[in-house]
Amino acid sequence: MPDGYAKRGLRDILNELIERTNSIIMRLRIVEQRNNTSMVKMDSLQTDALEQIKESKTFIKNFENRMKKYEETMIQMETMIKNISKKINRSVTKNEIKGLEQSIKLYNPVTSQFVTKRELNQALKDIGGSK
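Numbering (our numbering), first residue to last: 72 to 202.
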């Protein structure tokens, strides 16, 4: 009987070892599956991150191009404003135009009241004779 107990004890120990090994293998497979799932998620995140970086670079490049165009437009506008300012400074002012109008009125024979020599002599005689 002692041999039976020994065989049974050895068999029980062997069965216990097999069960524990199977349990450890099952746990290891679960850990491997979780690891694989995590790796797939990491790859997906990495791909998404790279895509977003690419999109961001494209956006920044487009933004820089637009800023350069705006800068060029601003430079052109500044040049145009300077040219307009120069033209305005060269143009005649209102006061100058009024002065010219006054001069033209004075020298215009149609609107001016010039006195003929005969009228002047007559006026002088009238003034001299009234004294």
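Using N, Cα and C, we set each Cβ at its ideal position, and we do this for glycine too.
- When secondary structure is reduced to three states using DSSP, residue 129 falls in the helix class.
- In the structure shown, residue 136 falls within a helical segment according to DSSP collapsed to helix, strand and coil.
- Put simply, the backbone Cα of residue 81 is about 24 Å away from that of residue 97.
- Inside the segment 146 to 183, DSSP marks whole alpha helix (DSSP H) runs of 4 or more residues at positions 165 to 178, from first to last along the chain.
- In the three-state DSSP reduction, residue 144 falls in the helix class (H, G or I).
- Within the model, the alpha-carbon separation for residue 107 versus residue 79 is close to 41 Å.
- The DSSP-derived three-state label of residue 111 is helix.
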